[in-house]
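K.L.:
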Amino acid sequence: MTRDSSGLFESQLTQLGHTVYKTEFIQTIGLGPEVLPTYSWLFFNSPRCFTFFLEAYGQHSFFNKKIGCIGVGTATVLRESGFKVHFEGKGTDTLKIAHEFSNLVLDYNETVLFPLSDKSHRTVKKALDPKQYREVVVYKTELVERELDQIFDILVFTSPSNVKGFLKSGNRTPPSAQVMSIGNSTKAELRKNGIQSTISWEHTELALADRVAAILC
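Residue numbering for the sequence shown follows our numbering, starting at 1 and increasing by one per position.
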């Protein structure tokens, strides 16, 4: 799995007797704060975006703001940190989530701030009127080269950048291996490189674990 920390994913599969090997092919670096524009909503497309935004801007930046999240995984992290989530995307269809969120925002003529990485695909904001959103880059992503010396039954990719780092390191997917992706953007990056993958039913580690367990049964 292309993630150093994989709590639910690892615990679910190890309980079933499977071994999980974790490594990331990226490193993330937080960026310093800048003057924020006026906004009504904060929208987070990953737990990492939330973490870096909170570190840079503090809890006061959430005061009297509504919060939207791309999916249940990100929403869970925010709720566990004590924040109320006003919009939570369902499933893995990012375009559908984007339009559902845009309909909500357009109804009230509100503005949205998107904390992003320098590699974000910016899918959700494309569904909004340009006058209704702002963005702030809270971290940058750099590829890390790591050559794997093992052959795995299943390869699980958690971001397009991890796909790029995996391939840049000279790694290849064995013909016998099953490949999984956490979402459509990751699946698209794999397909661009000639690799077919199965997508999980949700942007969460639990969904990935369920899919992997079904394959290994």
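Note that CB positions come from ideal geometry on N, CA and C, so glycine has one too.
In this text, all values refer to a predicted model and were calculated from it rather than measured experimentally.
1. Taking the straight line between their C-alpha atoms, what separation do you get for Phe-157 and Val-179?
2. Grouping DSSP H, G and I as helix and E and B as strand, with all else coil, what is Arg-48?
3. Express the C-alpha separation of Thr-173 and Arg-191 in angstroms, rounding to a whole number.
4. According to the neighbour-count rule (16 or more other Cβ atoms, all chains shown, within 10 Å of its Cβ), is Phe-53 buried or exposed?
5. What do you get for Gly-89, buried or exposed, if any count of 16 or more other CB atoms within 10 angstroms of its CB means buried?
6. For Ser-197 versus Ser-185, is the C-beta spacing smaller than 7 Å?
7. State the Cα-Cα distance for the pair Gln-223 and Pro-37, rounded to the nearest angstrom.
8. Pull the bridge partners of Val-35 from the DSSP assignment, please.
9. For the alpha helix (DSSP H) that Lys-148 lies in, which residues bound it at each end?
10. Does DSSP put Pro-130 in a helix, in a strand, or in coil?
11. Would Phe-42 and Ile-70 qualify as a contact pair, given that the criterion is a beta-carbon distance under 7 Å?
12. Taking the straight line between their C-alpha atoms, what separation do you get for Arg-48 and Gly-30?
13. According to DSSP, Tyr-139 sits in a beta bridge with which residue or residues?
14. Among Val-144, Gly-183, Gly-32, which has the Cα closest to the Cα of Leu-167?
15. Output the boundary residues of the alpha helix (DSSP H) element that contains Tyr-66.
16. With a CB to CB cut of under 7 Å and the five nearest residues on each side skipped, what residues in its chain are close to Val-105?
17. Residues bridged to Met-180 by DSSP?
18. Comparing alpha-carbon positions, which option in Asn-64, Gly-82, Thr-23, Thr-92 lies nearest Val-72?
19. Please report the distance separating the alpha-carbon of Phe-152 from that of Thr-23.
P.N.:
Quick answer:
1. If you number the sequence shown from 1, residue 157 lands on position 157. If you number the sequence shown from 1, residue 179 lands on position 179. Going from the Cα of Phe-157 to the Cα of Val-179 covers about 8 Å.
2. As a working note, residue 48 is residue 48 in the sequence shown. Of the three classes helix, strand and coil, the one that applies to Arg-48 here is helix, per DSSP.
3. As a working note, residue 191 is residue 191 in the sequence shown. As a working note, residue 173 is residue 173 in the sequence shown. In a straight line, the C-alpha of Arg-191 is about 12 Å away from that of Thr-173.
4. Position 53 of the sequence shown, counted from the start, is the residue given in the question as residue 53. Buried, by the Cβ-count rule.
5. Within the sequence shown, residue 89 is the residue found at index 89, counting from 1. With 16 or more other Cβ atoms within 10 Å, it is buried.
6. For the purposes of this step, residue 197 is taken as the residue at position 197 of the sequence shown. For the purposes of this step, residue 185 is taken as the residue at position 185 of the sequence shown. Going by C-beta atoms, Ser-197 is not nearer than 7 Å to Ser-185.
7. The chain is shown only over 1 to 217; residue 223 falls outside these bounds and no answer can be derived.
8. Reading the sequence shown from its first residue, position 35 is the one you call residue 35. According to DSSP, which records beta bridges pairwise, Val-35 is partnered with nothing at all.
9. Translated into the one-based positions of the sequence shown, residue 148 becomes position 148. What sits at residue 148 in the sequence shown is Leu, not Lys. No alpha helix (DSSP H) holds Leu-148; DSSP gives it neither H nor E.
10. If you number the sequence shown from 1, residue 130 lands on position 130. Here Pro-130 sits in helix by DSSP.
11. The count along the sequence shown starts at 1 and reaches residue 42 at position 42. The count along the sequence shown starts at 1 and reaches residue 70 at position 70. According to the sequence provided, residue 42 is Leu. The question's Phe does not apply to it. Going by C-beta atoms, Leu-42 is not nearer than 7 Å to Ile-70.
12. On the sequence shown, residue 48 is found 48 positions in, with the first residue counted as 1. On the sequence shown, residue 30 is found 30 positions in, with the first residue counted as 1. Rounded to whole angstroms, Arg-48 to Gly-30 spans 10 Å at the Cα level.
13. Here residue 139 is taken as the residue at index 139 of the sequence shown, counted from 1. Gly-30, Ser-117.
14. Within the sequence shown, numbered from 1, the residue matching residue 167 stands at position 167. Selected option, being the one with the closest Cα: Val-144.
15. As a first step, residue 66 is located in the sequence shown; it is residue number 66 there, counting from the start. For the sequence presented, residue 66 should be read as Lys rather than Tyr. Counting along the chain, Lys-66 falls outside any alpha helix (DSSP H), though it belongs to the beta strand (DSSP E) covering 66–69.
16. Here the question's residue 105 lines up with position 105 in the sequence shown. Answer for Val-105: Trp-41, Val-112, Leu-128, Gln-132, listed in chain order.
17. The sequence position of residue 180 within the sequence shown is 180, counting from 1. Answer by DSSP bridge pairing, in chain order: Val-156, Thr-198.
18. In the sequence shown, counting from the first residue as 1, residue 72 sits at position 72. Closest by alpha carbon: Thr-92.
19. Reading the sequence shown from its first residue, position 152 is the one you call residue 152. Reading the sequence shown from its first residue, position 23 is the one you call residue 23. For Phe-152 and Thr-23, the distance between alpha carbons rounds to 13 Å.
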